[in-house]
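Taking it in order: structure first as structure tokens, then the write-up.
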Amino acid sequence: MNVVLYDYWRSTASYRVRIALSLAGIAYRSVPVDLLAGAQSTPEHIARNPQGFVPVLEIDGLRLTQSLAIIEYLDETRNVGLLPEHPAERVRVRCLSQVLAADTHPICNPSVVRQAQLYVAQDARDEMRIRWMQHFIRRGLAAFEAMLDSPATGQFCHGDAPTIADLCLIPQIYNAERWGADWSDLPRIRAIAATAEEIEAFQAARPEAVKPAT
Numbered sequence: 022m023n024v025v026l027y028d029y030w031r032s033t034a035s036y037r038v039r040i041a042l043s044l045a046g047i048a049y050r051s052v053p054v055d056l057l058a059g060a061q062s063t064p065e066h067i068a069r070n071p072q073g074f075v076p077v078l079e080i081d082g083l084r085l086t087q088s089l090a091i092i093e094y095l096d097e098t099r100n101v102g103l104l105p106e107h108p109a110e111r112v113r114v115r116c117l118s119q120v121l122a123a124d125t126h127p128i129c130n131p132s133v134v135r136q137a138q139l140y141v142a143q144d145a146r147d148e149m150r151i152r153w154m155q156h157f158i159r160r161g162l163a164a165f166e167a168m169l170d171s172p173a174t175g176q177f178c179h180g181d182a183p184t185i186a187d188l189c190l191i192p193q194i195y196n197a198e199r200w201g202a203d204w205s206d207l208p209r210i211r212a213i214a215a216t217a218e219e220i221e222a223f224q225a226a227r228p229e230a231v232k233p234a235t
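In this note's numbering, the protein residues as written are 22 to 235.
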């Protein structure tokens, strides 16, 4: 059965799932959903996901939404090893993941920022957006760095193999670079990012690697 991923090349949530698919060795067909053109709000996409978000993954006769749920499904059905076996270790990985996926990424979602921009003058909106992104991305990464101060941290966020936490971290670093949020003083994150950059699955999932041709 064909695996189909409806995504947008710059979507943080889609980026997480692309890494997971690559780590699992799952070939898939990408169907771009152009968020800038409003394709997420078309009746066709709303039928796939009533929230109008990406990604949407069609696999095993299922249609799945929500990136962390998708990643856990892939982990449980393909034995990717993205969650530790011990409950205490598993909860640590989930806590790290949600710092970025539940508390940082949503407030930087374009729909949230656009709504916030309505409360500032038109000529100040572009600057406000940049400052907003820098503030919340930096805040999330700084908290994440502090949580990495643990003997459980290894070459990756938890131990020496990628977990869901790393799949959340690397896309957020991409966002930090995109918006100019400073993370130069976060040594644990920098070390993990350097390690991940050497892994083909992370390289193949990068936005520049999947950006549709224009």
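Note that beta-carbon positions come from the ideal geometry of N, C-alpha and C, so glycine has one too.
| Query | Result |
| --- | --- |
| Determine the closest residue to Pro183 out of Gly201, Thr98, Leu117, with distance taken between C-alpha atoms. | Leu117 |
| Within this structure, are the beta carbons of Trp30 and Pro228 separated by less than 7 Å? | yes |
| Who are the Cβ neighbours of Ser32 in its own chain at under 8 Å, not counting the five residues just before and after it? | Leu56, Val75, Pro76 |
| Do you know how far the Cα of Val54 is from the Cα of Gln87? | 15 Å |
| Roughly how many angstroms lie between the CA atoms of Asp203 and Phe157, to the nearest whole one? | 11 Å |
| Suppose you measure from the CA of Arg84 to the CA of Leu78; what does that come to, to the nearest Å? | 6 Å |
| Count the other CB atoms, across all protein chains shown, that sit within 10 Å of the CB of Val112; report buried if there are 16 or more and exposed otherwise. | exposed |
| Here's the rule: buried if 16 or more other CB atoms are within 10 angstroms of the residue's CB, otherwise exposed. What is Tyr140? | exposed |
| Just how far apart, CA to CA, sit Ile220 and Arg135? | 35 Å |
| Can you grab the Cα-Cα spacing for the pair Gly46 / Gly175, in whole Å? | 24 Å |
| Judging by CA-CA distance, which residue of Asp187, Arg150, Ala214 is the nearest neighbour of Gln138? | Arg150 |
| What are the boundary residues of the alpha helix (DSSP H) that Pro228 is part of? | 228-231 |
| Within 10 Å of its beta-carbon, does Asp187 have 16 or more other beta-carbons around it, so buried, or fewer, so exposed? | buried |
| On the premise that Cys129 lies in contact with Met168, defined as a C-beta separation below 8 Å, what is that separation, rounded to the nearest angstrom? | At roughly 19 Å, the Cβ-Cβ gap does not stay under 8 Å, so Met168 and Cys129 are not in contact. |
| Grouping DSSP H, G and I as helix and E and B as strand, with all else coil, what is Gly161? | helix |
| Thinking C-beta only, is Val114 closer than 7 Å to His179? | yes |
| Just to confirm the assignment, what range does the beta strand (DSSP E) spanning Ser88 have? | Segment 88-99 is the alpha helix (DSSP H) holding Ser88; no beta strand (DSSP E) there. |
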